[in-house]
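One structure is given here, and the rest of the page talks about it.
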Amino acid sequence: MQTALRIIQGGIGKTDYPFGRISRHPKGDIGTQKKSTASTGKRHAFLTEKIAPIAPDFKIRNRNDDAWVNLTTPENFDYLYQSALNYAGLMGIKLPFRYRKGGSPRLKISELYNAMDGSVPECVNLEEKNGRLHFCLFRYHDWPEPALFWIPVGFTELLPVALKRIAKEFIRRFVRHHGVSPITDSYYFDMGMDELKDWGNRDSDASPKEIRENSRLADSYLTGKRAKALKRIYGKPFCYNLEERIRQYRIENKKERELLDLIKEGMALITPESPCLIGYLYDWAYEESPDINPIGMEQQLMLVYSDNDTLAECMRDYMNSDYRETYALTPVTYRYLTPETNELFHMDDYPERLSEWLERFTEHINDNFKNEKA
Numbered sequence: 028m029q030t031a032l033r034i035i036q037g038g039i040g041k042t043d044y045p046f047g048r049i050s051r052h053p054k055g056d057i058g059t060q061k062k063s064t065a066s067t068g069k070r071h072a073f074l075t076e077k078i079a080p081i082a083p084d085f086k087i088r089n090r091n092d093d094a095w096v097n098l099t100t101p102e103n104f105d106y107l108y109q110s111a112l113n114y115a116g117l118m119g120i121k122l123p124f125r126y127r128k129g130g131s132p133r134l135k136i137s138e139l140y141n142a143m144d145g146s147v148p149e150c151v152n153l154e155e156k157n158g159r160l161h162f163c164l165f166r167y168h169d170w171p172e173p174a175l176f177w178i179p180v181g182f183t184e185l186l187p188v189a190l191k192r193i194a195k196e197f198i199r200r201f202v203r204h205h206g207v208s209p210i211t212d213s214y215y216f217d218m219g220m221d222e223l224k225d226w227g228n229r230d231s232d233a234s235p236k237e238i239r240e241n242s243r244l245a246d247s248y249l250t251g252k253r254a255k256a257l258k259r260i261y262g263k264p265f266c267y268n269l270e271e272r273i274r275q276y277r278i279e280n281k282k283e284r285e286l287l288d289l290i291k292e293g294m295a296l297i298t299p300e301s302p303c304l305i306g307y308l309y310d311w312a313y314e315e316s317p318d319i320n321p322i323g324m325e326q327q328l329m330l331v332y333s334d335n336d337t338l339a340e341c342m343r344d345y346m347n348s349d350y351r352e353t354y355a356l357t358p359v360t361y362r363y364l365t366p367e368t369n370e371l372f373h374m375d376d377y378p379e380r381l382s383e384w385l386e387r388f389t390e391h392i393n394d395n396f397k398n399e400k401a
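Residues 28 to 401 (the working numbering) are what the sequence shown spells out, left to right.
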């Protein structure tokens, strides 16, 4: 089935661009969708390198001298076997694998992988971590894809001063908790800015007024109002005692009441005990040098000034173009197995609760505060 990259704004808004193919994983009853893509990749160095379970040999480049290192060794097989045997014991099952001495480590590792893949309800990757092979169990969370949750700050210009401070302080805390980056940090931003500044050459039908407006918009994001508003969110607090400010605020209408209710819900999702989205970032199909990187979570969840100005439209167009050849990284719970693993794989529902709230929050903003001041 084909669908399209969308941004949540007053419901589901679709563009005219196609998304890539989605193929249902054999373990489809556990919410894990594997995408068939032309290329894949990752951005965060703490993630490890994924290795295909069936190959002539398992080799990686040494990080020090760039030489190839063969991981198909008896020692790595023994580590994997002890890890699998231990986990089968935790599950209360007999590992369907016949241990034998000697033989090809590569073949034994492949057979052991197949035994694990058929024994656990999770998806299984065979990966290198710290120079050693590991089994990695993982499941995808139910996360709307393709979707963009862009947190706008420009709408606060339409709020009364007291409510504006409350909204901005909440957004400041939210982006700090999840490490959300501003739109200006995205490489799609650079492409969008090039298009704005060269609008006259890119669109032969553009009027002089349209060219001037896009040039001014580019300036605003570089050094003007939009740039300052985005930078300010990462600065000092807009107010203190946020919970008390919310209680004391005198609500003037329904849309203010709903906004405050959503802010209170959002605050419960960013307590000191709440997870951070970066903890769910895992690329099950990593390639060292992909032609096109996947759409990372840092692109899907960003701080923006507006999600409906010309720059935002340009960036969505570029993202849709890339989506034809790649896929989006969505939250995943994953776990590396060791011979000392002492509990079964489990996952929480935080990403599901967060995405449900994000959809309602961005929808409310776009339904009620669309006309941000320039």
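We put the beta carbon where it would ideally sit given N, CA and C, even for glycine.
For this session: Could you work out which residue in 383, 381, 373 and 395 is closest to residue 147 when comparing CA atoms only?
Result: 373
For this session: Run the CB neighbour count on residue 10, radius 10 Å, all protein chains shown included, and call it buried at 16 or more, exposed below.
Result: Lying outside 28 to 401, the shown extent of the chain, residue 10 is not represented and no answer is given.
Exercise. Considering only C-alpha positions, which residue in the set 357, 338, 359 and 361 is nearest to residue 215?
Worked result: 338
Exercise. So what does residue 329 bridge to, in DSSP terms?
Worked result: 177
Exercise. Measuring CB to CB, does residue 403 end up less than 7 Å from residue 123?
Worked result: Beyond the ends of the chain as shown, which are 28 and 401, falls residue 403; an answer cannot be given.
Exercise. In chain order, what residues of the same chain lie with their CB nearer than 8 Å to the CB of residue 197, ignoring the 5 residues before and after it?
Worked result: 269, 290, 293 and 294
For this session: Determine which residues share a DSSP beta bridge with residue 209 and list them.
Result: 330
Exercise. Among 366, 321 and 357, which residue has its Cα nearest to the Cα of residue 345?
Worked result: 321
For this session: Keeping to the same chain, check which residues put their C-beta closer than 8 Å to that of residue 110; ignore five residues upstream and five downstream.
Result: 161, 162, 364, 365, 366 and 368
Exercise. DSSP state of residue 295, grouped into three classes?
Worked result: coil
For this session: Find out if the Cβ-Cβ distance for the pair residue 350, residue 256 is shorter than 7 Å.
Result: no
For this session: Find out if the Cβ-Cβ distance for the pair residue 177, residue 329 is shorter than 7 Å.
Result: yes
Exercise. Between residue 121 and the rest of its own chain, which residues show a CB-CB distance below 6 Å, the 5 nearest in sequence each way excluded?
Worked result: none
Exercise. Whose CA, out of 156, 254, 99 and 395, lies closest to the CA of residue 211?
Worked result: It is 254.
Exercise. Roughly how many angstroms separate the alpha carbons of residue 96 and residue 134, rounded to a whole number?
Worked result: 18 Å
Problem set entry | Proximity winner among 375, 370 and 200, relative to residue 262 (alpha-carbon distances) | Nearest C-alpha to residue 262: 200.
For this session: Figure out for me which residue from 129, 156, 165 and 127 has the closest Cα to the Cα of residue 144.
Result: 165
For this session: Counting only the same chain and skipping the five closest in sequence on each side, list residues whose C-beta sits under 8 Å from that of residue 249.
Result: 220
Exercise. What span of residues does the alpha helix (DSSP H) with residue 214 cover, start to end?
Worked result: That run of the alpha helix (DSSP H) goes 214-224.
Exercise. Any idea which residues DSSP pairs residue 355 with across the strands?
Worked result: Partner(s): 322.
For this session: Give the range of the alpha helix (DSSP H) segment to which residue 341 is assigned.
Result: In this chain, the alpha helix (DSSP H) harbouring residue 341 covers 337-350.
Problem set entry | Collapsed DSSP secondary structure at residue 195 in the structure displayed | helix
For this session: Measure the C-alpha to C-alpha separation of residue 251 and residue 296 and round it to an integer number of angstroms.
Result: 32 Å
Exercise. Taking all protein chains shown into account, do 16 or more other C-beta atoms lie within 10 angstroms of the C-beta of residue 316, making it buried, or fewer, making it exposed?
Worked result: exposed
Problem set entry | Proximal residues to residue 73 (C-beta, below 8 Å), its chain only, five neighbours per side dropped | The predicted model places residue 73 with a pLDDT of 37, which falls under 50 and marks its position as unreliable, so this point remains unresolved.
Exercise. Run through DSSP, which three-state label would residue 166 get?
Worked result: strand
Problem set entry | Local Cβ density within 10 Å of residue 69, reported as buried at 16 or more and exposed below that | For residue 69, the pLDDT reaches just 34, beneath the cut-off of 50, and the residue's location in the model is therefore unreliable, although a value from the coordinates is still provided. Buried, since its Cβ has 16 or more Cβ neighbours within 10 Å.
For this session: Look up residue 249 in the DSSP assignment and give the residues it is bridged to.
Result: Residue 249 is not bridged to any residue.
Exercise. Hey, residue 326 and residue 174 are a contact pair by Cβ (cut 8 Å); roughly how many whole angstroms apart?
Worked result: Contact doesn't hold; Cβ gap of about 11 Å is too wide.
For this session: Assign residue 156 to one of three DSSP states: helix, strand, or coil.
Result: strand
Problem set entry | Nearest neighbour of residue 301, chosen from 205, 183 and 156 [CA to CA] | For the residues 205, 183 and 156, the minimum Cα distance to residue 301 belongs to 205.
Exercise. Closest to residue 154 by CA distance: which of 343, 203 and 106 is it?
Worked result: 106
For this session: Answer with buried or exposed for residue 194, where buried requires no fewer than 16 other C-beta atoms within 10 angstroms of its C-beta.
Result: buried
For this session: Assign residue 189 to one of two classes, buried (16 or more other C-beta atoms within 10 Å of its C-beta) or exposed (fewer than that).
Result: Its Cβ having fewer than 16 others within 10 Å, residue 189 is exposed.
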